[in-house]
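Numbering (the numbering used here), first residue to last: -8 to 51.
This report concerns only the one structure given below.
Right, dumping it as structure tokens:
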């Protein structure tokens, strides 16, 4: 049985794709890609991301 791929924990080096602040949330897209958001931008876009069936993962 093949192992499950696990995304690494967010670190202080991970930055929000919107503003460059420290990333707190990883948004894993249905296509397999990902976006990183600070807490502010994660909250601002949460409704639309959930509508698109994005998996939101809290991190550091």
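All C-beta atoms, glycine included, are put in the ideal place defined by N, C-alpha and C.
This one's a predicted model, so the numbers in the text were calculated from it and none came from an experiment.
Quick check: the Cα distance between residue i and residue j, rounded to an integer number of angstroms?
i	j	result
residue 28	residue 48	10 Å
residue 2	residue 39	25 Å
residue 7	residue 23	18 Å
residue 16	residue -1	12 Å
Could you pull out every residue in the same chain whose Cβ sits closer than 6 Å to the Cβ of residue i, ignoring the five residues on either side in sequence?
i	result
residue 5	14 and 27
Nearest to residue i by alpha carbon, out of the options?
i	options	result
residue 42	18, 10 and 31	18
One question on the structure: do residue i and residue j come within less than 9 Å of each other, judged by their Cβ atoms?
i	j	result
residue 10	residue 31	yes
residue -3	residue 20	no
Report all residues from its chain with a CB closer than 8 Å to the CB of residue i; omit the five preceding and five following residues, and keep chain order.
i	result
residue 50	0, 1, 5, 14, 15, 16 and 17
With DSSP as the reference, label residue i as helix, strand or coil.
i	result
residue 12	coil
residue 42	helix
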